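Under our numbering, the first residue of the sequence shown is numbered 379, with each subsequent residue one higher.
Note that CB positions come from ideal geometry on N, CA and C, so glycine has one too.
This structure is a prediction, so every number in the text was calculated from the model and none was measured.
Contents: one structure, followed by commentary.
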Amino acid sequence: MDIARQLKQGMNTGSVLFGQRQTMSACAKGDARLVLVAANCPEGYISDLTERHPDVTVHRVELVNRQLGAACAKPFPVSALCILEPGQSDLLSLTTNV
Numbered sequence: 379m380d381i382a383r384q385l386k387q388g389m390n391t392g393s394v395l396f397g398q399r400q401t402m403s404a405c406a407k408g409d410a411r412l413v414l415v416a417a418n419c420p421e422g423y424i425s426d427l428t429e430r431h432p433d434v435t436v437h438r439v440e441l442v443n444r445q446l447g448a449a450c451a452k453p454f455p456v457s458a459l460c461i462l463e464p465g466q467s468d469l470l471s472l473t474t475n476v
């Protein structure tokens, strides 16, 4: 699966939140359906996220945070993002791999 293409599709037709705080908040509210984390996302954040919200799918992509930000057309690094609505993308087919 081409993550960059699916992210672009998801951002255009669905709902995506960027950043560790917004992602954790969306998980706490029960809004997050999928969390994507960068390859260099801090391990402490990932373990905290999976412990607090075991029902949310967390998928680590092979892109580092700068590449993930560029794939999302953002001028800043993105270490975590969450999918609220996938739109026409196939992002929800990703499985937990952390």
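| said: Between which two residues does the beta strand (DSSP E) holding LEU395 run? | reply: 393-396
| message | Comparing C-alpha positions only, which one of CYS419, ALA448, LEU385, ASP433 sits nearest to LYS407? | response | ASP433
| field | Inter-residue spacing [alpha-carbon to alpha-carbon] between GLY397 and LEU441 | value | 15 Å
| query | Whose C-beta lies closer than 7 Å to the C-beta of ARG444 among residues of the same chain, with five residues either side of it excluded? | reply | PRO455
| Enclosing beta strand (DSSP E) for ALA417 [first to last residue] | No beta strand (DSSP E) holds ALA417; DSSP gives it neither H nor E.
| When the distance is taken between beta carbons, is LEU446 closer than 9 Å to ASP416? | Rather than Asp, the amino acid found at residue 416 in this sequence is Ala. Yes, the pair counts as a contact, with Cβ atoms nearer than the cut-off.
| request: In the DSSP assignment, find the unbroken beta strand (DSSP E) run with ASP459 in it and report its ends. | output: It is Leu, not Asp, that sits at residue 459 in the sequence shown. 458-463 is the span of the beta strand (DSSP E), which, as asked, contains LEU459.
| Buried or exposed by the 16-neighbour rule on C-beta atoms within 10 Å, applied to THR391 | exposed
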